[in-house]
Every structure is written in C-alpha cells, then in structure tokens.
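**Q** Protein chains in written order, with my numbering: chain A, 1 to 114; chain B, 1 to 114.
1. Take residue 84 (chain A) and list the residues in its own chain whose beta-carbon comes closer than 7 Å to its own, dropping the five residues that flank it on each side.
2. Count the CB pairs spanning the stretch 41-48 of chain A and the stretch 103-112 of chain B that are closer than 8 Å, and state whether there are at least three.
3. Pick helix, strand or coil for residue 8 (chain B), following the three-state DSSP scheme.
4. Looking at C-alpha atoms only, which residue of B:64, B:48, B:40 and B:80 is the closest neighbour of residue 106 (chain A)?
5. Are the C-beta of residue 62 (chain A) and some C-beta of chain B separated by less than 9 Å?
6. When you compare each of B:59, B:98 and B:38 to residue 103 (chain A) by their alpha carbons, which one comes out closest?
7. Considering only the alpha carbon of each residue, which of B:56, B:72, B:45 and B:65 lies closest to residue 1 (chain B)?
8. Residue 29 (chain B) bridges to which residues according to DSSP?
9. Compute the beta-carbon to beta-carbon distance between residue 74 (chain B) and residue 49 (chain B), rounded to the nearest angstrom, for a pair I have assumed lies under 8 Å.
10. Which value, in whole angstroms, describes the spacing of the CA atoms of residue 101 (chain B) and residue 79 (chain A)?
11. Beta-carbon of residue 63 (chain B) versus every beta-carbon of chain A: anything under 9 Å?
12. Could you tell me if residue 36 (chain B) is buried or exposed, where buried requires 16 or more neighbouring beta carbons within 10 angstroms of its beta carbon?
13. Where do the ends of the beta strand (DSSP E) carrying residue 62 (chain A) lie?
14. What three-state label does DSSP hand residue 111 (chain A) in the structure shown?
15. With 9 Å as the threshold, decide whether the Cβ of residue 99 (chain B) is near any Cβ in chain A.
16. Residues bridged to residue 37 (chain A) by DSSP?
17. Does residue 31 (chain A) come within less than 9 Å of chain B when only Cβ atoms are used?
18. Closest to residue 60 (chain A) by CA distance: which of A:7, A:8 and A:75 is it?
19. Can residue 116 (chain A) and residue 71 (chain A) be called in contact, C-beta distance under 9 Å?
What follows is the structure in structure tokens.
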C-alpha cells in the first residue's frame, strides 16, 4: 500500500497571505501526480496533473512543483483569498499499468480569514 | 452535457439491507472509479473499471460489488450494509490517458447505515 503524506493537516491564514503545502509519495515506479481542490459539500475538482521531474504548473494564484526523484510536490497559493478555503488533495499514480488508480493523501485543509 | 451523475443523493439504510448506488456519465470516458470519503482520511478507492466488462478492486473493496455492462453506467452494490459503510460515495471518470488525465467527480451519495 502506497504511503502518501500531506502536510500540514490544516492551516489558518489571513487574507492576502501566501502559503504552501507539501505532498510526499514513494518515488519508485512513479507515473503522475494529481492535485485536487475540494470545497465542503462539493465534489473534488482537478487543479493539476504533473508527470515530469521539475514540472511546474500554474492556474491563477495557485501553482505547483514536482520532484519525482525525491518524491514530493509543493502547492503554492499566492495572496490567499477567502474563496481559496478548501481541502487540497494530492494523489500520485504508480506502476506501469495505465489504470488511473489514484491513492489520495489525507489532504491539507486551508481556512482563509477575511 | 450532464457530466457525471449519481443517484440517490442521500439514503438511510438499516444494518443488513442492500442497495445500489448509481453512477452515469455522458462523457464517453472509458475509465470509471468509485471512492468513499472517510473522515480525516481523504478518499479511498473502492473499485474501478477500465472499460465495459472490465472491473478491478481498489484499496477498500470488501463489502462492495460492481459491474460495468455499458460505457455509461458503473453501479456500486452494497449487499449487507454495515455501520462501517456510512460514508459519502463519489463516482469519477477519466479519459483515455487515465493516469495522466484529471478525474471528473460526480456530486456524491451520502449513505447512513443505522
């Protein structure tokens, strides 16, 4: 069973603060790394899918980096807004079979105070 | 396009009862997945399917069964409901690139087993 760790578990920041969280995963047999944003009482929504070591993706104020050799990814939020409050999930896929099987971390819950 | 739809939205079951959670997609995606949301644990994969007629177990398959007779439908069956199956269930789909594509989630089914 893959061990996917996200830290911190929860985070409270003020509006305008920039923040970042970490996703750690086994580096062997790595295939792709997914990030999802999950608002309370809604469904998870995709942010990024990254596959290559050194990949950087950006979507508005949110960006992510990937290090496949050491098995981690960072998610950054610049100038946090209250609407950024959500749980952020990472999920790597491993192995040679292209099944799309995602193993989710427990998530980082972000609360942005106005 | 409706995307991914799930029915029912909410259900209360008695211990030992059975039910089927429905998932339908109109995105013509080959890959479909069932997840359950466990508090503080993120999402756990129950079963997945890489195409009509093909299904396989995920991380937590015990107590569940699935079938995939068409591309559009991927029902999840609970045969003997137990309190431990109280959860929110999400169905998701992805396209041909599977592991390298984002997954699209349905709105979820909230199940309470008493």
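Every residue gets a Cβ at the ideal spot worked out from N, C-alpha and C, and that includes glycine.
**A** Per the coordinate set shown:
1. For the purposes of this step, residue 84 (chain A) is taken as residue 84 along the first chain, with counting starting at 1. Within the same chain, residue 84 (chain A) has close Cβ partners 77, 110 and 112.
2. A contact exists between the stretch 41-48 of chain A and the stretch 103-112 of chain B.
3. The residue labelled residue 8 (chain B) in the question sits at position 8 within the second chain. If DSSP states are grouped into helix, strand and coil, residue 8 (chain B) belongs with coil.
4. Along the first chain, read from residue 1 onward, the residue named residue 106 (chain A) stands at position 106. Per the Cα distances, B:40.
5. Position 62 of the first chain holds residue 62 (chain A). For residue 62 (chain A), no CB of chain B lies under 9 Å from its own CB, so it is not counted at the interface with that chain.
6. Residue 103 (chain A) sits at position 103 when you count from the first residue of the first chain. By alpha-carbon distance to residue 103 (chain A), the top candidate from B:59, B:98 and B:38 is B:59.
7. What you label residue 1 (chain B) is simply residue 1 of the second chain in a count that begins at 1. Shortest Cα-Cα distance from residue 1 (chain B) to any of B:56, B:72, B:45 and B:65 involves B:72.
8. Here the question's residue 29 (chain B) lines up with position 29 in the second chain. Residue 29 (chain B) is not bridged to any residue.
9. Along the second chain, read from residue 1 onward, the residue named residue 74 (chain B) stands at position 74. Along the second chain, read from residue 1 onward, the residue named residue 49 (chain B) stands at position 49. With a Cβ gap of about 6 Å, residue 74 (chain B) and residue 49 (chain B) count as contacting.
10. Position 101 of the second chain, counted from the start, is the residue given in the question as residue 101 (chain B). Position 79 of the first chain, counted from the start, is the residue given in the question as residue 79 (chain A). Cα-Cα distance, rounded: 28 Å.
11. Here residue 63 (chain B) refers to the residue found at position 63 when the second chain is read from its first residue. It does not: the Cβ of residue 63 (chain B) has no partner Cβ on chain A nearer than 9 Å.
12. By 1-based counting over the second chain, the position of residue 36 (chain B) is 36. By the neighbour-count definition (other C-beta atoms within 10 Å, threshold 16), residue 36 (chain B) is a buried residue.
13. Working through the first chain from its first residue, we reach residue 62 (chain A) at position 62. Boundaries of the beta strand (DSSP E) around residue 62 (chain A): 62-67.
14. Taking the first residue of the first chain as position 1, residue 111 (chain A) is located at position 111. Residue state, collapsed to three classes: strand.
15. Mapped onto the second chain, residue 99 (chain B) falls at position 99. Interface with chain A (9 Å Cβ-Cβ cutoff): residue 99 (chain B) is included.
16. Position 37 of the first chain, counting from 1, holds the residue named residue 37 (chain A). According to DSSP, residue 37 (chain A) bridges with A:45 and A:88.
17. Translated into the one-based positions of the first chain, residue 31 (chain A) becomes position 31. Chain B, which has a Cβ nearer than 9 Å to the Cβ of residue 31 (chain A), makes this yes.
18. Along the first chain, read from residue 1 onward, the residue named residue 60 (chain A) stands at position 60. Looking at the Cα atoms, A:75 is the closest of the given residues.
19. Outside the displayed range of chain A (1 to 114) lies residue 116 (chain A), so it cannot be described from this structure.
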